[in-house]
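Take a look at the structure set out below.
Residue numbers (this note's numbering), protein chains in the order written: chain A, 1129 to 1601; chain B, 181 to 276.
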């Protein structure tokens, strides 16, 4: 039996299992050994043995899966990066985790994240920061930093993340892997520990566009447990690299100039030239309200978070701190000691934005801005097939460099937040290096255009020819 | 932008007990964030409908039938305090 199974791509490994060439138990065993190499604090839990049942005849062929901490996994710690849920063992699993297990992706490991998915660096994790495998003095991005670092370092073959304002795409960019934020509603949110319900969406973090397409193909569909989930009108099956001739790529001037690091911009422009050489047309476009997206997002997301996180009250699950002064004092003490500073800050911000006298000025206005942002995209997609931007305005930054100023951290989401507000799909693919660190290219399409953006991403991926092997442990 | 008394009021609404030493810092942080997000007050939003949700769908209903729910024991097993039949909490009136 080969000892090199973990160097195969997830797609290749799945094909070899299905053809009978590779034993799924042996594949799992080898990945278990890889997962034990974690010295990045990427993993919050890993399996102790090969599962009794691996649905290797399913479409995913038995290739094991890394899952972000915030997905409920029955009997396995699901803590959402928070002390308030330390050791929580859910009595049920998220719909998408069950679907992937049944499709042949058994649970290998859980991955660390920013607390309740609030953060862009993984430094808000109650269980310590995740390190970037490209440079251990730097952050992996966030909030799905553990999943991105684990995939980049080869600790897991592929992983699930979630994206509320960039939490799949930004860490994928900073770790040199592929991250897809699907159309809102295409993947059930049931069993995802909620941050901002109108924005949260699960998606794949992988080493290639083909792997992302394969994993996503088994994630979609309406779920009776999530009333916002819908059947995908154009389900992803197998993605082939698209012919770029005649493909119209729009580059929003608002998201591709000011505020972007020169090295990131250089890599971005080089890939646009590549796209042109493959026959695409590349022209500037406008998303006039995109510069206001961050403001709208940092009102809407905290507002929803303040409501969602009201459930953590020391009664039904998780931490209880009881000073012995009655119920109300127990609530206050539990929540103050259980939540970290960023989560407390966002709960405060959201409570303020929703409070009497401020609701219309903040939350109400933010929801109207959200409408304008969606309309900007609708207009742009009348003239363009896909929109391209840098994923993150900067490469991975040094640990501790942005923690003192919450606002500077929020600006990391500048290029990813508008798509989240509009609910449309966006993928980040590796776009070379700047100063020896990975850069991401973001491709965005209209709602339910995953097939289109995955096809275009696959062509550009091949043309860019990124080599991420330096990050492998 | 936001003052100490508002911060204390918001903390009370959110059931967060702030340490005296935290109050000044959080007041400054919230003020700085609110200054930034206040950019949207410059936009003309007359006649623009609010978007609560990006999926244009309403009334996703299922048949009104009883379905299996989680086992009580499994749920109570994660509670900080239980008497075996329900969740135990401190007295609402004060004292435990």
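Each residue gets a CB set at the ideal place from its N, CA and C atoms; glycine is no exception.
Here the structure is a predicted model, which means the values were calculated and not measured.
### Query
Run through DSSP, which three-state label would residue 1252 of chain A get?
Coil, per DSSP.
### Query
Going by beta carbon distance, what residues of the same chain come within less than 6 Å of residue 1482 of chain A, once the five residues before and after it are set aside?
Within its own chain, the residues whose Cβ lies closer than 6 Å to the Cβ of residue 1482 of chain A, once the five positions on either side in sequence are excluded, are 1431, 1491, listed in chain order.
### Burial state of residue 1360 of chain A, where buried means 16 or more other Cβ atoms lie within 10 Å
Label assigned to residue 1360 of chain A: buried.
### Task
Could you give the DSSP three-state label for residue 1465 of chain A: helix, strand or coil?
The three-state reading of DSSP puts residue 1465 of chain A in helix, counting H, G and I together.
### Query
Quick one: what does DSSP say residue 1530 of chain A is sitting in, helix, strand or coil?
Looking at residue 1530 of chain A - three-state DSSP - the assignment turns out to be coil, as it is neither helix nor strand.
### Message
Let me check understanding here. Comparing Cα to Cα, which of A:1434, A:1443, A:1460 lies closest to residue 1471 of chain A?
### Response
With distances taken between Cα atoms, residue 1471 of chain A lies closest to A:1434.
### Query
Which chain B residues sit within Cβ distance under 7 Å of residue 1580 of chain A?
Those within 7 Å of residue 1580 of chain A in chain B number zero; the least Cβ separation is about 18 Å.
### Message
DSSP three-state label for residue 1495 of chain A, please.
### Response
Helix.
### Message
For residue 1155 of chain A and residue 1290 of chain A, I'd like the C-alpha separation in whole angstroms.
### Response
C-alpha separation (whole angstroms): 26 Å.
### Message
Suppose you measure from the CA of residue 1436 of chain A to the CA of residue 1517 of chain A; what does that come to, to the nearest Å?
### Response
Cα-Cα distance, rounded: 31 Å.
### Message
Tell me the DSSP secondary structure of residue 1557 of chain A in three-state form.
### Response
Reduced to three states, the DSSP call for residue 1557 of chain A is strand.
### Message
Measuring only the C-alpha atoms, how far is residue 1183 of chain A from residue 229 of chain B?
### Response
Annotation: residue 1183 of chain A to residue 229 of chain B spans about 47 Å, alpha carbon to alpha carbon.
#### Entry: Cβ contact (3+ pairs, closer than 8 Å) linking the region 1463 to 1478 of chain A and the region 198 to 214 of chain B
Flag = yes, the region 1463 to 1478 of chain A and the region 198 to 214 of chain B touch.
### Query
What residue from A:1393, A:1174, A:1187 has the CA that sits closest to residue 1236 of chain A's CA?
Out of A:1393, A:1174, A:1187, A:1174 has the C-alpha closest to the C-alpha of residue 1236 of chain A.
### Message
Just to make sure I have the definition right: I need the residues of chain B whose C-beta is within less than 8 Å of the C-beta of residue 1226 of chain A. Which are they?
### Response
Simply none; closest approach about 14 Å.
### Message
Rounded to the nearest angstrom, what separates residue 276 of chain B and residue 1273 of chain A at their Cα positions?
### Response
Confidence at residue 276 of chain B is low in this model, with a pLDDT of 46, below 50, so its placement is unreliable and the value that follows should be read with caution. Cα to Cα, the separation comes out at about 41 Å.
### Task
Report the neighbours of residue 1477 of chain A on chain B: residues whose CB is nearer than 7 Å to its CB, in chain order.
Going along chain B in sequence order, the residues near residue 1477 of chain A (Cβ under 7 Å) are 210, 213.
### Query
Between which two residues does the alpha helix (DSSP H) harbouring residue 184 of chain B extend?
In the DSSP assignment, residue 184 of chain B falls within the unbroken alpha helix (DSSP H) covering 184 to 193.
### Query
Does the region 1256 to 1268 of chain A touch the region 1517 to 1527 of chain A, meaning 3 or more C-beta pairs lie closer than 8 Å?
The answer is yes - the region 1256 to 1268 of chain A touches the region 1517 to 1527 of chain A, with three or more Cβ pairs under 8 Å.
### Query
Beta-carbon separation of residue 1288 of chain A and residue 1275 of chain A under 9 Å?
For the pair residue 1288 of chain A and residue 1275 of chain A, the CB atoms are nearer than the 9 Å cut-off.
### Message
Please report the distance separating the alpha-carbon of residue 1586 of chain A from that of residue 251 of chain B.
### Response
Their backbone Cα atoms lie some 45 Å apart in a straight line.
### DSSP bridge partner residues for residue 1354 of chain A (one or two, in chain order)
As computed with DSSP, residue 1354 of chain A is found in a beta bridge with A:1351.
### Task
Taking residue 192 of chain B as the reference, give the member of A:1480, A:1347, A:1510 with the closest Cα.
For the set A:1480, A:1347, A:1510, the Cα lying nearest the Cα of residue 192 of chain B is the one of A:1480.
### Query
Is the distance from the Cβ of residue 1200 of chain A to the Cβ of residue 1218 of chain A below 9 Å?
Taking 9 Å as the Cβ cut-off, residue 1200 of chain A and residue 1218 of chain A qualify as a contacting pair.
### Query
Does DSSP put residue 1333 of chain A in a helix, a strand or coil?
DSSP places residue 1333 of chain A within a strand segment (E or B) once states are collapsed to three.
### Task
For residue 199 of chain B, decide whether its Cβ has a neighbour in chain A, counting only Cβ atoms nearer than 9 Å.
Yes - at least one Cβ of chain A is within 9 Å of the one on residue 199 of chain B.
### Message
If you reduce the DSSP assignment to three classes, tell me which class residue 1411 of chain A lands in.
### Response
For residue 1411 of chain A, the three-state secondary structure derived from DSSP is strand.
### Task
Determine the DSSP secondary structure at residue 1541 of chain A, reduced to helix, strand or coil.
Of the three classes helix, strand and coil, the one that applies to residue 1541 of chain A here is helix, per DSSP.
### Query
In chain B, what lies closer than 8 Å to residue 1426 of chain A by C-beta?
Going along chain B in sequence order, the residues near residue 1426 of chain A (Cβ under 8 Å) are 213, 216, 217.
### Task
Flag this pair as yes or no: are the beta carbons of residue 270 of chain B and residue 1457 of chain A separated by less than 9 Å?
Going by C-beta atoms, residue 270 of chain B is nearer than 9 Å to residue 1457 of chain A.
### Task
Kindly give me the distance between the Cβ atoms of residue 217 of chain B and residue 1423 of chain A, rounded to whole angstroms, as I take these residues to be in contact under 8 Å.
About 4 Å separates the two Cβ atoms, so the contact holds.
### Message
Just verifying my parser: in three-state terms, what is the DSSP assignment at residue 1346 of chain A?
### Response
Of the three classes helix, strand and coil, the one that applies to residue 1346 of chain A here is coil, per DSSP.
### Query
Beta-carbon of residue 1467 of chain A versus every beta-carbon of chain B: anything under 9 Å?
At a cut-off of 9 Å, the C-beta of residue 1467 of chain A has a neighbouring C-beta in chain B.
### Query
Just by C-beta distance, which residues in the region 1441 to 1471 of chain A are closer than 8 Å to chain D?
Protein chains A and B are contained in the structure displayed, whereas chain D is not.
### Boundaries of the beta strand (DSSP E) in which residue 1237 of chain A is found, first to last residue
Note, residue 1237 of chain A: beta strand (DSSP E), 1235 to 1239.
### Query
What residues of chain A sit near residue 196 of chain B, judged by a beta carbon separation below 8 Å?
Within 8 Å Cβ-Cβ: 1460, 1463, 1464, 1467, 1472, 1475, 1476.
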